[in-house]
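Residue numbers (our numbering): 73 to 941. Idealized CB from N, CA, C, for every residue including glycine. Given the structure is predicted, the values throughout are model-derived calculations rather than measurements. Notes follow once the structure below has been shown.
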Amino acid sequence: MELSKNFIPGAVETKWYQHWIDQGYFHSVPNDKPAYTVVIPPPNVTGVLHMGHCLNNTIQDILVRRARMQGMNPCWVPGTDHASIATEAKVVAMLRERGIAKSSLSREEFLSYAWEWKEKYGGIILQQLRKMGCSLDWERTSFTMDPDYYETVIKVFIDLYKKGKIYRGKRMINWDVKAKTALSDEEVIHKEVNGKMYHIKYKLDLPGDEYITIATVRPETIFGDTAICVHPKDPRYTHLVGKHAFVPMINRRIPIIADDYIEIEFGTGALKVTPAHDINDFQLGQKHGLEVIDTMNDDGTMNDAAPMYLGKDRIEVRKIIAADLEAAGNLVKIEDYVNQVGFSERTDAIVEPRLSLQWWVDMKQLAAPALEKVMSDEIHFHPAKFKNVYRHWMENIKDWCISRQLWWGHRIPAWYDKEGNVYVEASLEKVYTTYPETVGKELYQDADCLDTWFSSWLWPIEVFKGMSNPNNAEINYYYPTSTLVTAPEIIFFWVARMIMAGEEYMGKIPFKDVYFTGIVRDKQGRKMSKSLGNSPDLLGLIDQYGADAVRFGIMIASPAGNDLLFDESTLEQGRNFNSKLWNATKLLKMWEPRQSKEGVVPEDAAFAMDWFQAKLSATQLEVDEMLKTFRLSEALKTIYGLIWDDYCSWYLEWIKPGFEQPIHATVFEKSIEFYDALLQLLHPFMPFITEEIHHTLKTQTEDLCVKELAPISKVDESVLHAGVLLKNVISTLRDARNKNQIKPKDTIELHIQSDNNTAYQRIQNILAKQINAKSIAFTNTAIGSSIVVALEKDKFYLVADQAIDTASLKENLLKDLAHQKGFLESVEKKLANEKFVQNAKPEVIAIEQKKKADALARIQTIEESLAQL
RNA sequence: GGGAGCAUAGCUCAGUUGGUUCAGAGCAUCUCGUUUACACCGAGAGGGUCCGCGGUUCGAGCCCGUGUGCUCCCA
Numbered sequence: 073m074e075l076s077k078n079f080i081p082g083a084v085e086t087k088w089y090q091h092w093i094d095q096g097y098f099h100s101v102p103n104d105k106p107a108y109t110v111v112i113p114p115p116n117v118t119g120v121l122h123m124g125h126c127l128n129n130t131i132q133d134i135l136v137r138r139a140r141m142q143g144m145n146p147c148w149v150p151g152t153d154h155a156s157i158a159t160e161a162k163v164v165a166m167l168r169e170r171g172i173a174k175s176s177l178s179r180e181e182f183l184s185y186a187w188e189w190k191e192k193y194g195g196i197i198l199q200q201l202r203k204m205g206c207s208l209d210w211e212r213t214s215f216t217m218d219p220d221y222y223e224t225v226i227k228v229f230i231d232l233y234k235k236g237k238i239y240r241g242k243r244m245i246n247w248d249v250k251a252k253t254a255l256s257d258e259e260v261i262h263k264e265v266n267g268k269m270y271h272i273k274y275k276l277d278l279p280g281d282e283y284i285t286i287a288t289v290r291p292e293t294i295f296g297d298t299a300i301c302v303h304p305k306d307p308r309y310t311h312l313v314g315k316h317a318f319v320p321m322i323n324r325r326i327p328i329i330a331d332d333y334i335e336i337e338f339g340t341g342a343l344k345v346t347p348a349h350d351i352n353d354f355q356l357g358q359k360h361g362l363e364v365i366d367t368m369n370d371d372g373t374m375n376d377a378a379p380m381y382l383g384k385d386r387i388e389v390r391k392i393i394a395a396d397l398e399a400a401g402n403l404v405k406i407e408d409y410v411n412q413v414g415f416s417e418r419t420d421a422i423v424e425p426r427l428s429l430q431w432w433v434d435m436k437q438l439a440a441p442a443l444e445k446v447m448s449d450e451i452h453f454h455p456a457k458f459k460n461v462y463r464h465w466m467e468n469i470k471d472w473c474i475s476r477q478l479w480w481g482h483r484i485p486a487w488y489d490k491e492g493n494v495y496v497e498a499s500l501e502k503v504y505t506t507y508p509e510t511v512g513k514e515l516y517q518d519a520d521c522l523d524t525w526f527s528s529w530l531w532p533i534e535v536f537k538g539m540s541n542p543n544n545a546e547i548n549y550y551y552p553t554s555t556l557v558t559a560p561e562i563i564f565f566w567v568a569r570m571i572m573a574g575e576e577y578m579g580k581i582p583f584k585d586v587y588f589t590g591i592v593r594d595k596q597g598r599k600m601s602k603s604l605g606n607s608p609d610l611l612g613l614i615d616q617y618g619a620d621a622v623r624f625g626i627m628i629a630s631p632a633g634n635d636l637l638f639d640e641s642t643l644e645q646g647r648n649f650n651s652k653l654w655n656a657t658k659l660l661k662m663w664e665p666r667q668s669k670e671g672v673v674p675e676d677a678a679f680a681m682d683w684f685q686a687k688l689s690a691t692q693l694e695v696d697e698m699l700k701t702f703r704l705s706e707a708l709k710t711i712y713g714l715i716w717d718d719y720c721s722w723y724l725e726w727i728k729p730g731f732e733q734p735i736h737a738t739v740f741e742k743s744i745e746f747y748d749a750l751l752q753l754l755h756p757f758m759p760f761i762t763e764e765i766h767h768t769l770k771t772q773t774e775d776l777c778v779k780e781l782a783p784i785s786k787v788d789e790s791v792l793h794a795g796v797l798l799k800n801v802i803s804t805l806r807d808a809r810n811k812n813q814i815k816p817k818d819t820i821e822l823h824i825q826s827d828n829n830t831a832y833q834r835i836q837n838i839l840a841k842q843i844n845a846k847s848i849a850f851t852n853t854a855i856g857s858s859i860v861v862a863l864e865k866d867k868f869y870l871v872a873d874q875a876i877d878t879a880s881l882k883e884n885l886l887k888d889l890a891h892q893k894g895f896l897e898s899v900e901k902k903l904a905n906e907k908f909v910q911n912a913k914p915e916v917i918a919i920e921q922k923k924k925a926d927a928l929a930r931i932q933t934i935e936e937s938l939a940q941l
């Protein structure tokens with residue numbers, strides 16, 4: 073069979089993915105084997121695959137595929153999140169394009185558009201995961217708004233309400249004026265913004281023309297001012313406390329109060345207090361019993377508290393108010409000022425603090441066990457540094473605002489009567505049953521939805537129907553899940569809350585290990601984002617390089633828990649690795665028809681096979697350990713080196729038969745076997761090409777995808793060491809050839825002077841081949857007119873046809889000699905140090921003594937070589 | 001303002017409880033080379049005051065203190 077010149081990924085990938093699906097390899101049912109369960113962090117239902125997903129899902133696939141090959145029963149559950157605010161925003165935008173305003177639709181009409189949208193775009197991201205080769209159990213695809221899931225979310229709300237852990241309260245919340253909804257603290261992104269500090273003077277309610285000057289970055293909020301506050305010990309203002317001032321432009325009279333919350337040094341030392349629009353002002357207002365005047369509508373425009381700006385956006389007002397204040401004679405000055413401003417994660421609108429009646433979860437009790445499980449390492453965080461971050465948050469946890477003023481999501485199961493009484497139940501019928509006093513009353517349901525995370529925190533439970541069908545066989549088998557792979561940015565949003573839900577509703581942790589991936593950044597270290605346009609098109613990259621190369625590229629640059637700087641050159645490296653694998657296959661296939669069964673295996677090939685077996689086993693052990701400790705990037709690097717350097721560059725060259733010579737059948741078989749073992753080791757990282765080559769090498773009885781790893785054979789340390797020596801000799805002699813400008817085609821004669829000839833006898837054919845020597849001889853004496861190379865205690869004489877550059881040879885030897893002598897000196901100094909000899913461990917001293925002996929021997933060798941020149 | 005983390009070769013990172021020939025890898029760089037697997041390649045080489053300063057120790061990239069620079073989270 074003639075193999076194509078290069079490996080072409082496209083068709084191969086489609087073929088094998090379909091085959092794996094047809095064979096049902098990714099579908100799991102409970103059985104006798106140990107379960108290895110992973111639930112996907114559900115991407116937004118309308119999302120498209122980006123680099124973050126690529127990294128995250130590649131890692132999960134590696135873990136799952138590895139588990140499959142280790143004979144476990146892996147189950148990787150796919151699914152999507154309804155992502156209430158993001159999806160609703162998209163639907164609203166889509167409707168706007170069609171000329172439909174959300175406000176013109178009923179809730180039911182809007183939701184039918186939303187479902188239509190979900191059906192149309194909802195599957196895209198899951199299709200894209202198939203392209204990447206993800207071995208997900210598609211029969212288990214879940215959605216956070218599936219009927220059972222929906223009911224479970226409602227059930228949890230009611231349960232927590234009845235336990236007194238959910239309450240309704242008027243609090244300062246973060247208001248997204250674009251989406252017209254409350255946001256949790258975690259959904260607000262703080263950014264530094266260049267703004268202005270306005271100094272504004274308020275006329276005092278005193279005889280004469282006296283003023284007090286305040287400083288603010290938000291002059292448009294003055295209409296909500298209900299006090300001015302100063303520090304009680306500020307000598308500038310003590311005489312004014314208890315007096316009153318007038319808000320500019322509207323001339324509303326407000327008191328001047330004192331509180332040590334004020335920083336004397338900041339601004340003018342006098343603070344305008346606006347309880348409706350600032351969290352700190354709100355607290356101050358509560359303490360001093362101040363009035364709360366809301367000056368804004370829910371879309372961020374000014375209301376009738378600011379009659380002259382009615383209907384204008386607050387940001388717009390900030391720009392024009394300075395001129396009006398100036399005209400009114402109240403503006404003192406404007407300074408440049410940098411401050412932190414909160415933006416909505418979803419809509420990028422500037423978040424407004426706003427007083428509002430919302431639903432809250434009391435977090436204190438839920439947090440305690442969840443903190444303990446992580447601190448005690450019952451749940452392992454990788455890397456462990458995130459334990460600190462987690463602890464800090466959990467110890468300072470605040471109540472969770474769970475209501476969102478949206479329609480797309482799980483509608484809050486609360487009904488109100490005209491008097492404002494609240495009845496929480498799953499349906500109106502149930503309300504009438506549970507609360508007989510409501511019978512005959514007209515009730516209306518809360519219009520709001522629950523925060524998306526209020527459904528996702530049940531994900532590892534409800535994908536197995538652990539709550540809608542408690543104690544079923546699946547939840548008992550698959551839960552707790554094994555490993556969660558996610559981004560550190562959602563450690564509080566999601567990870568912490570899943571642990572709480574697990575403890576509360578299953579009485580068990582939801583997962584044993586959490587692997588935090590880094591954030592994918594561009595070459596310059598910037599976070600990838602749509603607005604920067606630095607997020608590459610993943611499917612385009614897969615088309616260009618192949619899925620295996622993309623997986624390779626993203627994993628090789630991805631240290632655990634550190635951000636990864638994405639650079640397309642690693643994808644090239646991945647594609648080159650594909651080529652290397654393919655070319656090695658071509659070489660093996662070339663030898664296939666030229667096998668000979670005659671005679672015994674040549675001694676050098678026997679050595680090569682022994683060596684590679686030892687190297688393979690040793691590396692398999694290393695990789696095993698690395699994967700156990702989630703050092704995936706290192707494992708991939710190790711496998712890459714084993715294949716490229718040890719197998720291709722060394723082993724295949726060592727066993728390579730001469731020009732048009734046959735290869736011994738035993739050697740050929742063994743080489744195929746080795747290669748297959750390498751493919752198996754690599755398979756979790758690069759599933760497509762490894763499966764393809766596995767079947768190209770020979771007729772296989774099973775697919776690599778489900779082939780169980782064989783036990784690792786014992787490592788023969790001595791042959792491993794012999795291999796190191798051989799590689800060392802080859803490199804050193806090649807270097808000597810290079811330095812003496814011996815052309816690659818020119819042969820040399822090699823004479824070896826050693827105490828241990830037998831060590832070289834077994835490998836001399838390999839050595840001859842690798843350094844292009846026409847003969848190898850052993851000698852007890854120096855060989856004249858040769859290039860002398862010293863390695864450890866042995867000497868090598870290279871006899872070439874061309875003239876030898878004795879001067880440079882001598883120079884090199886002298887350099888080496890000086891180096892060795894310096895080294896010897898430092899070792900001797902150490903050994904002469906009494907304190908060292910007294911304190912150091914015996915094995916450390918033994919090592920130093922060996923160093924000394926070796927250095928002495930080496931100096932002798934070099935001196936002898938010099939004498940011969 | 002509070003908290004967490006990072007600083008090792010041009011770049012991205014390893015470096016296990018302080019102790020092997022005097023700090024490793026991949027990529028990049030340089031030199032040589034198209035001999036039938038592979039130029040998406042082969043052979044070889046160069047490159048580091050382990051951020052500064054101080055301390056503990058016989059011995060520090062690793063431990064302690066301190067300074068500087070950067071990143072992230074929270075207010």
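Contact check, residue 552 vs residue 582, beta carbons under 8 Å
Looking up residue 552 in the first sequence gives position 480. Looking up residue 582 in the first sequence gives position 510. Yes. Within cutoff.
Looking at the structure shown, is residue 244 part of a helix, part of a strand, or coil, going by DSSP? The residue you call residue 244 lines up with position 172 of the first sequence. Note: residue 244 maps to strand in three-state DSSP.
Quiz item: In angstroms, rounded to a whole number, what distance separates the CA positions of residue 870 and residue 658?
Solution: One-based indexing of the first sequence puts residue 870 at position 798. One-based indexing of the first sequence puts residue 658 at position 586. Rounded to the nearest whole angstrom, the C-alpha separation of residue 870 and residue 658 is 35 Å.
Might you give, ordered along the chain, the residues of its own chain that have their beta carbon closer than 6 Å to the beta carbon of residue 312, omitting 5 neighbours on each side? In the first sequence, counting from the first residue as 1, residue 312 sits at position 240. Only 328 meet the Cβ criterion.
Quiz prompt | Length of the line joining the Cα atoms of residue 196 and residue 120 | solution = By 1-based counting over the first sequence, the position of residue 196 is 124. By 1-based counting over the first sequence, the position of residue 120 is 48. So the alpha carbons of these two residues sit roughly 7 Å apart.
Considering only the alpha carbon of each residue, which of 294, 341, 526 and 130 lies closest to residue 319? Position 247 of the first sequence, counting from 1, holds the residue named residue 319. Nearest option by C-alpha distance: 294.
Taking just the CA atoms, how far does residue 368 sit from residue 317? Counted from its first residue, the first sequence places residue 317 at position 245. Counted from its first residue, the first sequence places residue 368 at position 296. If I take the Cα positions, the gap works out to 23 Å.
Worksheet item: Taking just the CA atoms, how far does residue 709 sit from residue 617?
Response: For the purposes of this step, residue 617 is identified with residue 545 of the first sequence, where counting begins at 1. For the purposes of this step, residue 709 is identified with residue 637 of the first sequence, where counting begins at 1. Distance between the alpha carbons of residue 617 and residue 709 is about 19 Å.
Quiz item: With 16 as the cutoff for other CB atoms within 10 Å, does residue 543 come out buried or exposed?
Solution: Reading the first sequence from its first residue, position 471 is the one you call residue 543. Under the 10 Å beta carbon count, residue 543 is surrounded by fewer than 16 other beta carbons and is classified as exposed.
*Nearest-angstrom Cα distance between residue 765 and residue 444?*
Sequence index remark: in the first sequence, residue 765 carries index 693 (1-based). Sequence index remark: in the first sequence, residue 444 carries index 372 (1-based). Going by the C-alpha atoms only, they are around 48 Å apart.
Tell whether a beta-carbon distance below 8 Å holds between residue 413 and residue 252.
-> Here residue 413 refers to the residue found at position 341 when the first sequence is read from its first residue. Here residue 252 refers to the residue found at position 180 when the first sequence is read from its first residue. At a Cβ-Cβ threshold of 8 Å, residue 413 and residue 252 do not count as neighbours.
Within a Cβ cutoff of 8 Å, which residues of the same chain sit near residue 888, ignoring the five residues on either side of it in sequence?
Looking up residue 888 in the first sequence gives position 816. Around residue 888: 862 and 934.
Practice problem: With a 10 Å radius around its C-beta and 16 neighbouring C-beta atoms as the bar for buried, classify residue 201 as buried or exposed. | Solution: Here residue 201 corresponds to residue number 129 of the first sequence, with the count starting at 1. Looking at its Cβ environment, which holds 16 or more other Cβ atoms inside 10 Å, residue 201 is buried.
Check: Can you tell which of 639, 496 and 277 has its C-alpha closest to the C-alpha of residue 610?
Finding: In the first sequence, residue 610 corresponds to position 538, counting from 1. Taking only the C-alpha atoms, the option nearest residue 610 is 639.
Quick one: which unbroken beta strand (DSSP E) runs of 3-plus residues sit fully inside the region 241-312? Chain order, please. If we require 3 residues or more, the beta strand (DSSP E) runs fully inside the region 241-312 come out as 253-255, 260-276, 283-288 and 299-302.
Report task. Would you tell me roughly how many angstroms separate the C-alpha atoms of residue 385 and residue 366, rounded to the nearest one? Result -> On the first sequence, position 313 is the one that residue 385 refers to. On the first sequence, position 294 is the one that residue 366 refers to. Taking the CA atoms as reference points, residue 385 sits about 14 Å from residue 366.
### Message
Tell me which residues share the same chain as residue 784 and place their Cβ nearer than 8 Å to its Cβ, disregarding the 5 neighbours each side in the sequence.
### Response
Counted from its first residue, the first sequence places residue 784 at position 712. Beyond the five residues adjoining it in sequence on each side, residue 784 comes within less than 8 Å, by CB distance, of 689, 692, 693 and 696 in the same chain, given in chain order.
Secondary structure of residue 463, DSSP reduced to three states = In the first sequence, the residue the question calls residue 463 occupies position 391. Residue 463: helix per DSSP, three-state reduction.
When DSSP labels each residue in this structure, what does residue 654 get in the three-state scheme? Looking up residue 654 in the first sequence gives position 582. In the displayed model, residue 654 falls within a helix according to three-state DSSP.
Beta-carbon proximity check, residue 550 vs residue 660, cutoff 8 Å
Locating residue 550 in the first sequence gives position 478, where the first residue counts as 1. Locating residue 660 in the first sequence gives position 588, where the first residue counts as 1. The answer is no: Cβ separation not under 8 Å.
Item to check | Other residues of its chain near residue 186: CB distance less than 8 Å, five sequence neighbours each side excluded | outcome: The sequence position of residue 186 within the first sequence is 114, counting from 1. Answer for residue 186: 159, 160, 163, 479 and 480, listed in chain order.
ask   = If you compare alpha carbons, which of 791, 568, 815 and 547 is closest to residue 526?
value = Here residue 526 refers to the residue found at position 454 when the first sequence is read from its first residue. Of the listed residues, the one whose Cα sits closest to residue 526 is 568.
- Message: Three or more C-beta pairs under 8 Å: does that hold for the region 384-400 against the region 298-315?
- Response: Judged by Cβ distances under 8 Å, the region 384-400 makes no contact with the region 298-315, as fewer than three pairs qualify.
- Classify residue 333 as buried or exposed, calling it buried when 16 or more other Cβ atoms lie within 10 Å of its own Cβ. Against the first sequence, residue 333 aligns to sequence position 261. Burial call: exposed.
(request) Whole angstroms is fine: what's the gap from residue 664's alpha carbon to residue 742's? (result) In the first sequence, the residue the question calls residue 664 occupies position 592. In the first sequence, the residue the question calls residue 742 occupies position 670. Each residue's alpha carbon lies about 12 Å from the other.
Helix, strand or coil at residue 687 [DSSP, three-state]:
Here residue 687 is taken as the residue at index 615 of the first sequence, counted from 1. It is helical.
_Rounded C-alpha distance that separates residue 153 from residue 86_ = Here residue 153 corresponds to residue number 81 of the first sequence, with the count starting at 1. Here residue 86 corresponds to residue number 14 of the first sequence, with the count starting at 1. Separation of residue 153 and residue 86 (C-alpha to C-alpha, rounded to the nearest whole angstrom) is 27 Å.
(request) Evaluate residue 516 with the Cβ neighbour count: other Cβ atoms within 10 Å of its Cβ, from every protein chain shown; 16 or more gives buried, anything less gives exposed. (result) On the first sequence, position 444 is the one that residue 516 refers to. Residue 516 comes out exposed.
* Report buried or exposed for residue 115, applying the criterion of at least 16 other Cβ atoms within 10 angstroms of its Cβ. => Working through the first sequence from its first residue, we reach residue 115 at position 43. Burial check for residue 115: the Cβ neighbour count within 10 Å reaches 16 or more, so the residue is buried.
Helix, strand or coil for residue 417? Go by DSSP, reduced to three states. For the purposes of this step, residue 417 is identified with residue 345 of the first sequence, where counting begins at 1. It is coil, neither helix nor strand.
Review point. Residue 220 and residue 513: beta carbons closer than 8 Å?
Key: Position 148 of the first sequence, counted from the first residue, corresponds to residue 220. Position 441 of the first sequence, counted from the first residue, corresponds to residue 513. Note that the C-beta distance between residue 220 and residue 513 is not below 8 Å.
Going along the chain, which residues of its own chain have a beta-carbon closer than 6 Å to the beta-carbon of residue 453, five neighbours each way excluded? Position 381 of the first sequence holds residue 453. Around residue 453: 459 and 586.
- [ ] Please report how far the alpha carbon of residue 558 lies from the alpha carbon of residue 352, in whole angstroms.
- [x] By 1-based counting over the first sequence, the position of residue 558 is 486. By 1-based counting over the first sequence, the position of residue 352 is 280. Straight-line spacing of the CA atoms in residue 558 and residue 352 works out to 34 Å.
Identify which residue in 626, 378 and 426 has its Cα closest to the Cα of residue 122.
-> Your numbering for residue 122 matches position 50 in the first sequence. Closest option to residue 122, Cα to Cα, is 626.
What are the boundary residues of the beta strand (DSSP E) that includes residue 825? Counting from one through the first sequence, the residue named residue 825 turns up at place 753. Looking at the DSSP string, the run of the beta strand (DSSP E) that includes residue 825 is 820-825.
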